[in-house]
Structures are given as structure tokens and as C-alpha cells.
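> With numbering that gives the first Met the number 0 applied, the sequence shown corresponds to residues 0 to 321, in that order.
For glycine and all other residues, C-beta sits at the position ideal for the given N, C-alpha and C.
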Amino acid sequence: MKLSLVLVLALFSSNAFAIFNDGYPQDSARATEEWVQDLVATGLADYTDYQIGNEWGKKPVTRDSLRGRTEAFSRAALATARYGGATAFYLGKINGHHMMATNHHVMPNAGICNTRSAIFPLLGKSYHCEKFYGDWTAIDLAFFSITVPAGEDEALLGKVGRNFNFQSSLYPGEELLTIGFGVFRNSGRTLMANEDTDCKVFSEKNDSRFIADPDGINPADYKAWSFSTGCDVSHGDSGSAIVDRVTGDVVGIIWTTATQKPERIRSSSYLDEILKTQHADIWSWLSYAVPAAKMKDVLADLLSKGTFADPDVAQTIEAIIR
0 MKLSLVLVLA LFSSNAFAIF NDGYPQDSAR ATEEWVQDLV ATGLADYTDY
50 QIGNEWGKKP VTRDSLRGRT EAFSRAALAT ARYGGATAFY LGKINGHHMM
100 ATNHHVMPNA GICNTRSAIF PLLGKSYHCE KFYGDWTAID LAFFSITVPA
150 GEDEALLGKV GRNFNFQSSL YPGEELLTIG FGVFRNSGRT LMANEDTDCK
200 VFSEKNDSRF IADPDGINPA DYKAWSFSTG CDVSHGDSGS AIVDRVTGDV
250 VGIIWTTATQ KPERIRSSSY LDEILKTQHA DIWSWLSYAV PAAKMKDVLA
300 DLLSKGTFAD PDVAQTIEAI IR
């Protein structure tokens, strides 16, 4: 991979520190490439790569800013953790384990468990990865557990954990919320939330498609089941929960967004129009999340085939999707 002079100079910027200090395993060529690609996203990308609608809707989330927010927003924010250079979130204590979810491309193997901790900034807590439970490209999902001391810490997490709603029925216009650590306009890797008027479901009712990654900066080499959203996300938001803004249900997980978006995608009135007409742009230029219902289908199929040799893994995954 060749680096331009601009990129080489950028390596010495404050953005470089933000990217290179994020806990990626430093012996991985793939991780090094991801560092560079995220650096491009942070330092060189502009709003044409990420913005959906009239404004860039990501806003900082702090402990103080939770005052007056809905229960759904506050719970989701408190349950969100930084994991390496991306995002993960707490599902709850399931089958005796404190379970977390993120993307496959954030945690593609068990070895990463030894190199990262889940950092919950709003809780002021950090927990070591305990065990890797598996990853699946078709749903761009990975599960892992964290080591949580009994007592106060366990009680604290018990108040914020929420599993996927695997029975959720997605519908066009459903208002969404997503919270993560995306790098765009966020060199300090602050926790950021998007809940603007464009952050909603754009695909038809329960419409999920097996699509290639439309990310032109650092695309995945696999397809994943997806529904279409208008939520603003950038590199680093991978692994963020997609939450129904009204009910608080966790209905999916962000896995990608199209980059180099055309100007029309930065018009909220245009987005309203394509939502009505179900224009092809819905499946080309927006952000994409894996629906919880499809996760259950894939994992239930694997369980029925006896895919999981480790009894604890099989029992825990079965308990998650039950």
C-alpha cells in the first residue's frame, strides 16, 4: 500500500495519535491497514463521504448531557463501549456470562480478545475481554464476554444491558438512534449519538438484502444481510447498536455506510422523496445495519446443524436468541 505525501504528514498529526492509540493488535498487517484507512477517514475525508441529509447529525454524549434524555437514549448510551478502534455494546448477563456484541470485522478472531478491553466512558469502567463466542460474516456479528466483578459493577451493568429484540418488525420511517465512536469530526474519539430526523429505516417493511459493502474507503470483502437507514455513521461506528428511538428495542447493528455520497443524499427533502418511492438510492448510498431477526435466523440454523463444538458457546448463543 502506497502512502501519499499528505498521508505521511498526517501520520504526525493529533489524529494519528487518536487512531494509533486505540488498542488494535500491532502485529497484524490487516490492523495496520485499518489504522491507515481510519486515518484517511479522520484527517482527509469530508462530509461527502459520510453525511446523510441536511446536517451531520452526530452529537457528543456526556454524562451531563443525559439529563432530561429519554430512558431509551440514556440506557443505550450507558451500555455503549469503545472496543479497539470501534464500538461494542452490552447485552446483559446471559447463561452466566456478561455478553457483548460488535461486528465480525471489529473482532474477526479469538486472538483479539487478549488485546482489548471494553471501555464504557459514561460508566467510567473498563472490562477485559473474557471469552470469544464466535463471529459470522453473513450477519457481520461477533459475540464476546467480559470479566465483571460481582457486586457493584455487576449491578451497574445490570441496569443498562439490553439484548436484541429478535422479533422486531422493521418498517419504513421507523425512528432510530445509534451511538458510537465514529472518527469523522471526532479526532478525540468521543462517544457520539445520531437521532436526527433522517436517522430512520428507509427500506420497506422487513426488507433485508444480502449486499456487498458500499464503503469506498475500506470495504469488507464479504456480503452481509442488511436493511437501509439514514443514520450518519463513519469509520469507528462499526459495532454500534441500532435502537428504536421510541421503544428502546435493539433492532440491529451498524456494519457499514456508503462513502463518496452524491450531493443529492445530503438533502433531507430528497431523502423524504426516496423513502416514499423506494428509489434505488436507498440500497446504494445510505447506511446499512444487520437486522436482529436475520441474526436469529442465521444463528438458529447453525445451532440446528450442531456447528458449535464448545457446549458453553452453543448454550450461550441459544440463550441469546431464545
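Confirm, please, whether the CB-CB distance from N53 to R265 is below 8 Å.
Within the sequence shown, the letter at position 266 stands for residue 265. Within the sequence shown, the letter at position 54 stands for residue 53. Their beta carbons are under 8 Å apart, which means R265 touches N53 by this criterion.
> Should G229 go down as buried or exposed, given a rule of 16 or more other Cβ atoms within 10 Å for buried?
Working through the sequence shown from its first residue, we reach residue 229 at position 230. Label assigned to G229: buried.
> As a quick exercise: from D271, Y126, N94, pick the residue whose alpha carbon is nearest that of L155.
On the sequence shown, position 156 is the one that residue 155 refers to. Among D271, Y126, N94, the Cα nearest to that of L155 belongs to Y126.
> So within the stretch 102–165, which uninterrupted alpha helix (DSSP H) runs reach at least 4 residues, ignoring any that extend past its ends?
Counting only runs of 4 or more, we get 151–157.
> Spell out the partners DSSP gives L176 in its beta bridges.
Locating residue 176 in the sequence shown gives position 177, where the first residue counts as 1. L176 is bridged to V242.
> Within the continuous alpha helix (DSSP H) that includes S322, where are the two ends?
Absent from the model: residue 322. The displayed extent of the chain is 0 to 321, so no value can be given.
> For I241 versus T177, is the C-beta spacing smaller than 8 Å?
For the purposes of this step, residue 241 is taken as residue 242 along the sequence shown, with counting starting at 1. For the purposes of this step, residue 177 is taken as residue 178 along the sequence shown, with counting starting at 1. A contact, by the Cβ cut-off of 8 Å.
> Mark V245 as exposed unless 16 or more other C-beta atoms lie within 10 angstroms of its C-beta, in which case mark it buried.
As a working mapping, residue 245 is identified with position 246 in the sequence shown. With fewer than 16 other Cβ atoms within 10 Å, it is exposed.
> May I ask which residues mark the beginning and end of the beta strand (DSSP E) holding T256?
The residue labelled residue 256 in the question sits at position 257 within the sequence shown. Run containing T256: 249–256, per the beta strand (DSSP E) assignment.
> Leaving out the 5 sequence neighbours to the left and right, which residues in its chain are closer than 7 Å to L302 when beta-carbon positions are compared?
As a first step, residue 302 is located in the sequence shown; it is residue number 303 there, counting from the start. A313, I316, E317.
> Label R321 either buried or exposed according to how many other C-beta atoms from any shown protein chain fall within 10 Å of its C-beta, with 16 as the threshold for buried.
Counted from its first residue, the sequence shown places residue 321 at position 322. That one is exposed.
> Is the distance from the Cβ of P171 to the Cβ of V147 below 8 Å?
Taking the sequence shown and counting its residues from 1, one reaches residue 171 at position 172. Taking the sequence shown and counting its residues from 1, one reaches residue 147 at position 148. Not closer than 8 Å, so no.
> Let me confirm a value: E272 is counted as buried when at least 16 other C-beta atoms fall within 10 Å, else exposed. Which label applies?
Taking the first residue of the sequence shown as position 1, residue 272 is located at position 273. E272 is exposed by the Cβ-count criterion.
> May I ask you to report which of helix, strand or coil DSSP gives L90?
Position 91 of the sequence shown, counted from the first residue, corresponds to residue 90. L90: strand per DSSP, three-state reduction.
> My guess is that I210 and Y287 are in contact by the Cβ rule of under 8 Å, so how many angstroms apart are they, rounded?
Here residue 210 corresponds to residue number 211 of the sequence shown, with the count starting at 1. Here residue 287 corresponds to residue number 288 of the sequence shown, with the count starting at 1. Their Cβ separation, rounded to whole angstroms, is 7 Å, which keeps I210 and Y287 in contact under 8 Å.
> Are there three or more Cβ pairs, one per stretch, closer than 8 Å when the stretch 233–240 is compared with the stretch 251–262?
As far as the Cβ criterion goes, the stretch 233–240 touches the stretch 251–262, which means the pair count is three or higher.
> Would you mind stating whether L121 and L77 have Cβ atoms separated by less than 8 Å?
Working through the sequence shown from its first residue, we reach residue 121 at position 122. Working through the sequence shown from its first residue, we reach residue 77 at position 78. Yes, they are a contact pair.
> Just tell me which of H97, G187, A192 has its CA closest to the CA of G160.
Here the question's residue 160 lines up with position 161 in the sequence shown. Ranking H97, G187, A192 by Cα distance to G160 puts H97 first.
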